[in-house]
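Going down the list, the protein sequences come from chains A and B. Sequence positions in the first sequence follow the working numbering and run 1 to 123. Sequence positions in the second sequence follow the working numbering and run 1 to 123. By construction, the Cβ of each residue, glycine as well, lies at the ideal position given by its N, Cα and C atoms. Note that this is a predicted model, so its numbers are computed, not measured. Everything on this sheet refers to the single structure shown next.
Protein chains: 2
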Amino acid sequence: MPAWNPYASACPTRLVLDRVGDKWAVLLLGVLAKGPMRFNRLRREIEGLSQKVLSQTLKSLERDGLISRKAIPTVPVTVEYSITPLGQTLTATVDALRIWAETHIEEVLVAQKQYDEAAALTA
Amino acid sequence: MPAWNPYASACPTRLVLDRVGDKWAVLLLGVLAKGPMRFNRLRREIEGLSQKVLSQTLKSLERDGLISRKAIPTVPVTVEYSITPLGQTLTATVDALRIWAETHIEEVLVAQKQYDEAAALTA
DNA sequence: TCACCAAGTTACCTAGAGGAAACCATCATG
DNA sequence: CATGATGGTTTCCTCTAGGTAACTTGGTGA
Numbered sequence: 001m002p003a004w005n006p007y008a009s010a011c012p013t014r015l016v017l018d019r020v021g022d023k024w025a026v027l028l029l030g031v032l033a034k035g036p037m038r039f040n041r042l043r044r045e046i047e048g049l050s051q052k053v054l055s056q057t058l059k060s061l062e063r064d065g066l067i068s069r070k071a072i073p074t075v076p077v078t079v080e081y082s083i084t085p086l087g088q089t090l091t092a093t094v095d096a097l098r099i100w101a102e103t104h105i106e107e108v109l110v111a112q113k114q115y116d117e118a119a120a121l122t123a
Numbered sequence: 001m002p003a004w005n006p007y008a009s010a011c012p013t014r015l016v017l018d019r020v021g022d023k024w025a026v027l028l029l030g031v032l033a034k035g036p037m038r039f040n041r042l043r044r045e046i047e048g049l050s051q052k053v054l055s056q057t058l059k060s061l062e063r064d065g066l067i068s069r070k071a072i073p074t075v076p077v078t079v080e081y082s083i084t085p086l087g088q089t090l091t092a093t094v095d096a097l098r099i100w101a102e103t104h105i106e107e108v109l110v111a112q113k114q115y116d117e118a119a120a121l122t123a
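Okay, here's the thing in structure tokens:
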């Protein structure tokens, strides 16, 4: 195993953090983890997500092998997106993060409150 | 527990993803997990990190209660940053992500290669 | 013929993140 | 007196992510 260098874009840590740090990518993986879905359905399901960004995000997720795209020759053609086994393993891991957040959010909020109050005194 | 809404900035999921998606924040947590460190030492340790962003990132991490700041009245004054117990639990969780990345990077790279080759054919 | 669905692409614009580098205060040393 | 260390703040500038909205392609039905 090479010494991973987080500054290099090729570092796997950076790759996964890029995905995980992307709000829409996480949301998409979460939705698709529940079952396959078509393009416009995803758009309606995830409020606030524009066509452009949806298209971009789906592409990069597909490129990473986390989701797969299947064009079905209906008329008009429908395109179904589904999560891959690889994508499944990632959502499982991201879930650990979600659980951390739900477990510790109170502590974070308390810390923020204290910090802000202390800052208010100084100002 | 309320139904967490990932669109709201108050959603804990978004909060933790904001931190985790921040390259420098993750790097800082990683370094501080190994032991306390002073400002300028951090700057030298983490190549490419500007003073401004270091300062900003340390502040937000401190505000979230993930690290703590201690000014020591030496001369010139030294400021020591260290990870909190709360921060420790987060780094442990983020490690799961790092492990996912190291475990599955090969699959992702293969997927990307296949995707790019297929795209090259179409073009 | 016109209108409408699908799934995108493209052009345009703007706000914000982040880098570079200068500036600040304090004290000690040469 | 000037320089260098400490730990920052401030200004300026650039670059890109992402939003809006219009356009595309192809086929179907009114």
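Taking 9 angstroms as the upper bound on Cβ-Cβ separation, chain A lies near residues T84 and L86 of the stretch 73–87 of chain B.
The alpha-carbon separation between V79/A and G21/B amounts to approximately 30 angstroms.
Taking all protein chains shown into account, P73/A has fewer than 16 neighbouring C-beta atoms within 10 Å of its C-beta and is therefore exposed. Each residue's CA atom was taken as its position, placing C11/B and V75/B some 43 angstroms apart.
For T57/A, the uninterrupted alpha helix (DSSP H) run begins and ends at Q51 to R63, by DSSP. Think of a sphere of 7 angstroms around the beta carbon of L17/A: the chain B residues whose beta carbon falls inside it are V20, G21, K23 and V26, in chain order.
Residues of chain B whose Cβ lies closer than 9 angstroms to the Cβ of Q112/A are, in chain order, R63, D64 and G65. When the five nearest sequence neighbours on each side are left out, the beta carbons in the same chain lying within less than 7 angstroms of the beta carbon of T84/B are those of G65, L66, I67 and S68, in order along the chain. Per DSSP, T84/B lies in no alpha helix (DSSP H) segment and is marked neither H nor E. Between the alpha carbons of K59/B and L121/B lies a distance of about 49 angstroms. Note on R44/A: under 16 other CB atoms within 10 angstroms of its CB, so exposed under the neighbour-count rule.
Nearest CB-CB separation between R41/B and chain A: not below the 8 angstroms threshold.
Among the residues facing chain B, L32/A is not included, as its CB has no counterpart in that chain under 8 angstroms away. Nearest CB-CB separation between P12/B and chain A: below the 8 angstroms threshold.
Counting along the chain, the unbroken beta strand (DSSP E) around K70/A starts and ends at I67 to I72. The residue from R38/A, T103/A, D95/A and A33/A with its alpha-carbon nearest to that of T89/B is T103/A.
The C-alpha of W24/B lies about 44 angstroms from the C-alpha of V77/A. The beta carbon of V26/A is closer than 8 angstroms to those of R19, V20 and V94 in its chain, skipping five residues each way along the sequence.
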